[in-house]
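Note sheet for the following structure.
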Amino acid sequence: MSSKEKLAQSMEFPPETPQPNVYPLSWVRKTEKMEEIYAAAQKEWWDPAKLPWDTLDVDSYSWEERESIAYWWTILSVFDASAPPVFAAAMIKTYEAHEEDAVRRCFFSVTRDEQNHEQFCGLVITKMLEHPDPLTYEPKTELGKKLQKNAKWLYFNGGRYWEGYKKAVPKYSLAVLFSSFLMGEIASATIFHQMAAGCTEPVFKEGFTKVGRDEGRHMAICMSLMERDYPQLGAEDKKVITRQIRAGYLFLSAILFEPPTEFWDIPDDFIENQRAGEKVCREVGFFIPEYDAKKQNWIDAMMNLKGVLDKYDIPFPAIPECGITGEEITDIDMEDIIPVF
Ligand SMILES: [Fe+2]
Ligand SMILES: [Fe+2]
């Protein structure tokens, strides 16, 4: 049949529209919790450009300090700069799947929030380095050079993530995707609240408070979807989730802890350089949790998530790095990664 053929001449009603069709002509209201979260997102939206930037005097910092602070934001960007397209793809999926209206709106709000987080990173980096791109910037100090080398390796590693993610989105149900997102949301809500409390610069304090609040909302979105969908979850999906939790641990450790070398392809001096940069940050009031505190955050986030998964009989993976026993998961590669931040 040619696509130009006029069906309306031969039948009263059109044939079924092939699915998945990206536009649902329906605005179903079911999960009330989602409506509440979306209402909060509308109220709490913020503009990174309106943070108190005039209070940040970059000249009060040495170049080593500026490069160290910009480095932390660069690591964050390795995760946050992919968040807008990642969530945009998930949002499209909510339309294809003809999800409830509020679910679509919630995913739109996450996409919008993540764009803010990415903008926040860009604004800090540009101000600190007087250059809009941490990879083409010319470092002024020895430490700055080492940190840029680190950043280049992280960027290279993160670049392998997108192709795998694009394949995962059509393959898995939203329930599986959400559970992979959840881990990043739990852990990031914690770390941003800690950084808001610990940082001395008003612009960081205020920005982190807002980012932390956003992440808490993202966590609530994932949780309410899980509560809705997990009771019907099949055995195959459960297996994917267990694997994704381990994948999330390996992937997100680069920002929330330290990058595990079994997964991240990084040079031998990477950790040492990163620790040196973080030390400089802490000394000038840019609070990054110490090694033990980061580890504790991870353990707390993992136990929190384990509590949720246990309720639905989803096996938890072993995370020996955090002293958590469970199912042994091996052979995880960047191409397998769904979790985002
Ligand atoms: Fe974020
Ligand atoms: Fe998030």
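For the sequence shown, our numbering assigns the number 9 to the initial residue and increments by one for each residue that follows. The beta-carbon is built from N, C-alpha and C at its ideal position, and this holds for glycine as well.
Fill in: When A309, V219, I322, L155 are compared against C289, the one with the closest alpha-carbon
The option with the nearest alpha carbon to C289 is L155.
Discussion item. Quick check on DSSP: helix, strand or coil for I296?
Written reply: I296 carries a coil assignment under DSSP once its states are collapsed to helix, strand and coil.
Worksheet entry | Under 9 Å between C-beta atoms of T134 and P92 | Judged by their CB atoms, T134 and P92 are not nearer to each other than the 9 Å cut-off.
Discussion item. Could you tell me the alpha carbon to alpha carbon distance between L264 and F216, rounded to whole angstroms?
Written reply: L264 and F216: Cα-Cα distance of roughly 15 Å.
Item to complete: State the Cα-Cα distance for the pair F259 and N158, rounded to the nearest angstrom.
Response: Whole-angstrom Cα-Cα distance: 16 Å.
Worksheet item: Comparing the CB of D121 with every heavy atom of ligand 1, is any distance shorter than 8 Å?
Response: In this structure, D121 has its CB closer than 8 Å to one or more heavy atoms of ligand 1.
Item to complete: With a threshold of 8 Å, establish whether the CB of H226 neighbours any heavy atom of ligand 3.
Response: Ligand 3 is absent from the structure shown, which contains only ligand 1 and ligand 2.
Fill in: From H106, H125, I307, residue whose alpha carbon lies closest to that of E223
Closest option to E223, Cα to Cα, is H125.
Worksheet item: How long is the line joining the alpha carbons of A49 and K287, rounded to whole angstroms?
Response: Near 35 Å, if we compare the C-alpha coordinates of K287 and A49.
Item to complete: Please look up how many angstroms separate the CB atoms of A309 and A176, rounded, as I've assumed it's under 8 Å.
Response: That belief does not hold up - the Cβ atoms of A309 and A176 are roughly 22 Å apart, past 8 Å.
Worksheet item: Out of I279, E335, G166, S76, which has the shortest C-alpha to C-alpha gap to V132?
Response: Here the closest residue by C-alpha is S76.
Item to complete: Inspect the beta-carbon positions of Y103 and P32 and report whether they are closer than 9 Å.
Response: In this structure, Y103 sits near P32, with a CB-CB distance shorter than 9 Å.
Worksheet item: Shorter than 9 Å from the beta carbon of P210 to some beta carbon of chain B?
Response: No chain B appears in this structure, which consists of one protein chain only.
Discussion item. Let me make sure I understand the geometry here. Which of I199, S117, K101, L137 has the alpha-carbon closest to that of A301?
Written reply: Looking at I199, S117, K101, L137, the one whose alpha-carbon comes closest to that of A301 is I199.
Worksheet item: Per DSSP, E335 is paired with what?
Response: E335 is bridged to P325.
Worksheet item: In terms of alpha-carbon separation, which member of P60, F128, L59, W53 lies closest to T82?
Response: Answer by Cα proximity: F128.
Worksheet item: Rounded to a whole number of angstroms, what is the C-alpha to C-alpha distance between I332 and K58?
Response: Their backbone Cα atoms lie some 42 Å apart in a straight line.
Discussion item. Nearer than 8 Å: is that true of the beta carbon of D222 relative to any heavy atom of ligand 1?
Written reply: Yes, since a heavy atom of ligand 1 falls inside the 8 Å radius drawn around the Cβ of D222.
Worksheet item: Taking C-beta to C-beta, are T208 and I337 nearer than 9 Å?
Response: No. Outside cutoff.
Item to complete: Check whether the Cβ of M187 sits closer than 8 Å to any heavy atom of ligand 2, and report yes or no.
Response: The sequence given here places Ser at residue 187; Met does not occur at that position. Flag unset: Cβ of S187 not near ligand 2.
Discussion item. Give me the residue from P178, D245, D109, Q123 with the minimum Cα distance to E317.
Written reply: Per the sequence shown, the amino acid found at residue 317 is Leu instead of Glu. L317 has its Cα closest to that of D245, out of P178, D245, D109, Q123.
Worksheet item: Just to confirm, are V86 and A262 a CB contact at a threshold of 9 Å?
Response: Yes, the Cβ-Cβ distance between V86 and A262 is below 9 Å.
Worksheet item: In angstroms, rounded to a whole number, what distance separates the CA positions of K38 and M231?
Response: The straight-line gap separating the alpha-carbon atoms of K38 and M231 is approximately 15 Å.
Worksheet item: Which residues in the same chain as Q202 place their Cβ atom closer than 8 Å to its Cβ, once the five residues preceding and following it in sequence are excluded?
Response: For Q202, where only same-chain residues beyond five positions count, the Cβ hits under 8 Å are F295, P297, A301, N305.
Worksheet entry | C-alpha gap between W71 and L182, whole angstroms | For W71 and L182, the distance between alpha carbons rounds to 45 Å.
Worksheet item: Exposed or buried, V36, counting other C-beta atoms within 10 Å across all chains shown (16 or more means buried)?
Response: Burial call: exposed.
Practice prompt. Examine ligand 1 and report whether any of its heavy atoms sits within less than 8 Å of the Cβ of H125.
Written response: It does: the Cβ of H125 is within 8 Å (strictly closer) of some heavy atom of ligand 1.
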